[in-house]
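Peer 1: For the sequence shown, numbering that gives the first Met the number 0 assigns the number 0 to the initial residue and increments by one for each residue that follows.
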Amino acid sequence: MIEIKNLTKTFDTGQKVHALENVSLSIADGDIFGIIGMSGAGKSTLIRCINMLEKPTSGQILIDGIDMASLNEKELRKMRRKITMIFQNFNLLMQKSCLKNVMFPLELEKTDSKEAKKKALELLDIVGLKDKALSYPANLSGGQKQRVAIARALATNPEVLLCDEATSALDPSTTHSILQLISEINKKLGITCIVITHQMNVIEEICRNVAIL
0 MIEIKNLTKT FDTGQKVHAL ENVSLSIADG DIFGIIGMSG AGKSTLIRCI
50 NMLEKPTSGQ ILIDGIDMAS LNEKELRKMR RKITMIFQNF NLLMQKSCLK
100 NVMFPLELEK TDSKEAKKKA LELLDIVGLK DKALSYPANL SGGQKQRVAI
150 ARALATNPEV LLCDEATSAL DPSTTHSILQ LISEINKKLG ITCIVITHQM
200 NVIEEICRNV AIL
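#1: Taking only the alpha-carbon atoms, compute the straight-line gap between R146 and K113 and give it to the nearest angstrom.
#2: Leaving aside the five residues before and after N5 along the sequence, list all residues of the same chain whose C-beta is less than 8 angstroms from its C-beta, in chain order.
#3: Which same chain residues, not among the five before or five after P55, have their C-beta less than 6 angstroms away from its C-beta?
#4: How is T7 classed by DSSP in three states: helix, strand or coil?
#5: Please go through the same chain and pick out, in chain order, the residues whose beta-carbon is closer than 7 angstroms to the beta-carbon of A27, but skip the five residues on each side of it.
#6: Using the beta-carbon count (16 or more within 10 Å), is K164 buried or exposed?
#7: In the DSSP assignment, the beta strand (DSSP E) including S96 goes from what residue to what residue?
#8: Using only alpha-carbon positions, find the residue among L153, I177, T155 that is nearest to S140.
#9: Count the other CB atoms, across all protein chains shown, that sit within 10 Å of the CB of V101; report buried if there are 16 or more and exposed otherwise.
#10: For K129, which residues from the same chain have a beta carbon less than 7 angstroms from its beta carbon, with the 5 sequence-adjacent residues on both sides left out?
#11: List the endpoints of the continuous beta strand (DSSP E) containing M199.
#12: When we look at the beta-carbon of V194 and count the other beta-carbons within 10 Å, is it buried (16 or more) or exposed?
#13: Looking at C-alpha atoms only, which residue of V16, G29, T12, Q14 is the closest neighbour of S182?
#14: Taking the beta strand (DSSP E) that E20 belongs to, which residues open and close that run?
#15: Would you mind giving the Cβ-Cβ distance between L169 and G142, rounded to the nearest angstrom? I have them listed as a contact below 8 angstroms.
#16: Give me, in chain order, the residues of the same chain whose beta-carbon lies closer than 8 angstroms to that of I46; leave out the 5 immediate sequence neighbours on both sides.
#17: Span of the alpha helix (DSSP H) holding N185?
Structural data, given as structure tokens:
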């Protein structure tokens, strides 16, 4: 269970900008939860507060009863392995193959290289790209890049997948295939998915609950 209580985030850029004001919501384990709003509504700020990439000005983020703000840096790094993220622009390492991109989080955890390779290949198979293991991101379509990014996000066995406008750069057909993949991962692995979007069709297609900012 993710509980957001009275969350406020204020940026001081010479004048105070309130990105979020008193936002409260609950997200059940295993849900596909949509957060929709216009550009500038604070959607990305909200999702970045969940994993503490942005520190809230006030309010609480509770994950399974744990207050994220109470964690030290070591505890926060450990928690972030359970809360992974995919982005609109994929954020792949262009100089590494698809296989190496997926292995990267495992290498950071000092996983044995043979075990990391085995798991990365299994994850590429799950997202339908095992045959592209040795290809580089520059040779992939947008949809294929996002599938690699999803495989990489799954490498640390997360409990929560944050999707920050993950389909905004994709055409309608590719968007549908990525949403179907996210839905399948949710069903097979029981991962809670939080989908940030400004597209109502994305919400309608896969989200079970929705909040509007």
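Backbone N, C-alpha and C define an ideal beta-carbon position, used for all residues, glycine too.
Quick caveat, the model's predicted, so the values are computed rather than measured.
Peer 2: So, from the data block:
#1: 22 angstroms
#2: N21, V22, S23, S57, G58, Q59
#3: L6, K8, C48
#4: strand
#5: M0
#6: Reading off the sequence, residue 164 comes out as Glu, not Lys. Classification for E164: buried.
#7: Unbroken run through S96: none, as it is neither H nor E.
#8: I177
#9: buried
#10: L120, L123
#11: Taken as a continuous stretch (DSSP letters only), M199 belongs to no beta strand (DSSP E), being part of the alpha helix (DSSP H) at 199 to 205.
#12: buried
#13: G29
#14: 15 to 26
#15: 6 angstroms
#16: I34, M84, L161, D163, I193, I195
#17: 171 to 188
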